[in-house]
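Colleague: The structure under discussion is supplied below as structure tokens; questions concerning it will follow.
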Amino acid sequence: MSVLATRDLTVRFGGHVAVNGVTCSFEPGTLTAIVGPNGAGKTTYFNLISGQLRASSGSVTLGGRDLSGDSASQRTRAGLGRAFQLTNLFPRLSVLENVRLAVQATRDGRHRRGLNLWSIWSDHAALTQRADEILDAVAMKAKEHELVASLPHGDQRKLEVALLMALEPQVYMFDEPTAGMNHAEAPVILDLIRRLKADKTKTILLVEHKMDVVRELADRIIVLHNGALVADGEPAEVIASPVVQEAYLGVSTQKEAA
Ligand SMILES: Nc1ncnc2c1ncn2[C@@H]1O[C@H](COP(=O)(O)OP(=O)(O)OP(=O)(O)O)[C@@H](O)[C@H]1O
Ligand SMILES: [Mg+2]
Numbered sequence: 042m043s044v045l046a047t048r049d050l051t052v053r054f055g056g057h058v059a060v061n062g063v064t065c066s067f068e069p070g071t072l073t074a075i076v077g078p079n080g081a082g083k084t085t086y087f088n089l090i091s092g093q094l095r096a097s098s099g100s101v102t103l104g105g106r107d108l109s110g111d112s113a114s115q116r117t118r119a120g121l122g123r124a125f126q127l128t129n130l131f132p133r134l135s136v137l138e139n140v141r142l143a144v145q146a147t148r149d150g151r152h153r154r155g156l157n158l159w160s161i162w163s164d165h166a167a168l169t170q171r172a173d174e175i176l177d178a179v180a181m182k183a184k185e186h187e188l189v190a191s192l193p194h195g196d197q198r199k200l201e202v203a204l205l206m207a208l209e210p211q212v213y214m215f216d217e218p219t220a221g222m223n224h225a226e227a228p229v230i231l232d233l234i235r236r237l238k239a240d241k242t243k244t245i246l247l248v249e250h251k252m253d254v255v256r257e258l259a260d261r262i263i264v265l266h267n268g269a270l271v272a273d274g275e276p277a278e279v280i281a282s283p284v285v286q287e288a289y290l291g292v293s294t295q296k297e298a299a
């Protein structure tokens, strides 16, 4: 059964249709790469799924539940986890404190209770244990007592993935996760995504321009062009398709044939 689905999802900005009737579903245990030229509507599609943007028409469902009327934070609580760059970190707190707060916020949200001194005290050990597990998973345990503000950029980006993991989402959404990273930093983030992929219960959506990354990580590729879904299938098949060769990679198949 598909976990996440969009149906006829459309958004118009004035006369411009940025996402145009996209119907697509995403299965647990798969990583789907979303590719397409600049301005194709990839980020806008993510905004519509995560609730940063309201659709003009169409729906977003998660596990059969219609989230179309829900806010972004309601969708996060429902299980949609989107990575945002550096926006959720507390720079003056330690790495461990940041992750522990994220774990706590998730658990409190799930149990629908507010800040409660007794629960903070009694859960402290459990929260720390979970935060430790996450820091282990992102290979940042050795830096748990460092202040976030003092971390190198690459470590801050790893920490963002850690905070996302603390949310325990069903769906992970990454929009060009290695953009702005140097050669040393990018492989670390890709390795984290690879590890998330090993958890077969998770659904991963990855917007990525780098075709070598897409080729390696994707189980499936969908192509957006002018807001519409124009190809969907196995990576090798989609990459070889004329629509990708022409529209996305800028290769003119006619010219090649000539
Ligand atoms: N809030 C907005 N208001 C008006 N137009 C918008 C808005 N957000 C996006 N657009 C337009 O929608 C289209 C799709 O943009 P989007 O950012 O989704 O493309 P993208 O596929 O993510 O491109 P890139 O690969 O460059 O990140 C573009 O023409 C863009 O200018
Ligand atoms: Mg974009």
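Take any residue in the sequence shown, note its place counting from 1, add 41, and you have its number in the numbering used here. The C-beta atom is built at its ideal place from N, Cα and C for all residues, glycine as well. From a predicted model like this one, the values you see are computed outputs, not experimental measurements.
1. Going residue by residue through the region 201-271, where are the continuous alpha helix (DSSP H) segments of at least 4 residues, counting only ones entirely within it?
2. What whole-angstrom Cβ distance do residue 276 and residue 259 have, given they're in contact under 8 Å?
3. Measure the beta-carbon distance from residue 104 to residue 44 and round it to whole angstroms, keeping in mind my assumption that it falls under 8 Å.
4. Considering only C-alpha positions, which residue in the set 199, 229, 68 is nearest to residue 136?
5. Residues around ligand 1, please: the ones whose beta-carbon is closer than 5 Å to some heavy atom of it, in chain order.
6. For residue 129, I'd like the list of residues in its chain whose CB is within less than 8 Å of its CB, leaving aside the five on either flank, ordered along the chain.
7. According to DSSP, residue 319 sits in a beta bridge with which residue or residues?
8. Considering just the uninterrupted stretch of the beta strand (DSSP E) at residue 121, what are its terminal residues?
9. Cα separation between residue 302 and residue 170?
10. By how many angstroms is the C-alpha of residue 81 removed from the C-alpha of residue 50?
11. Give the C-beta separation of residue 303 and residue 249 to the nearest angstrom, bearing in mind that I take them to be a contact with Cβ-Cβ under 8 Å.
12. Could you compute how far the alpha carbon of residue 294 sits from the alpha carbon of residue 115?
13. Starting from residue 274, follow its DSSP beta bridges and name the residues at the other end.
14. Specify whether the region 95-104 and the region 50-59 touch according to this definition: at least 3 beta carbon pairs, one from each stretch, less than 8 Å apart.
15. Answer yes or no: the CB of residue 264 versus the heavy atoms of ligand 2, is any distance below 8 Å?
Modeller: Taking the structure as given:
1. Every alpha helix (DSSP H) stretch that sits fully inside the region 201-271 and reaches 4 residues is listed by chain position as 226-239, 252-258.
2. 5 Å
3. 6 Å
4. 199
5. Cβ atoms closer than 5 Å to ligand 1 belong to 54, 59, 79, 80, 81, 82, 83, 84, 85.
6. 143, 201, 204
7. For the chain, the structure presents residues 42 to 299; residue 319 sits outside this window and is missing.
8. 121-123
9. In the structure as shown, the chain begins at 42 and stops at 299. Residue 302 is therefore absent and cannot be evaluated.
10. 14 Å
11. Since the first residue shown for the chain is 42 and the last is 299, residue 303 is missing from the structure and cannot be characterised.
12. For residue 294, the predicted structure reports a pLDDT of 48, less than 50, and the residue's modelled location is therefore unreliable. A value from the coordinates is still provided. Cα-Cα distance, rounded: 45 Å.
13. DSSP output for residue 274 lists 262 as bridge partner(s).
14. yes
15. Not under cutoff, so the answer is no.
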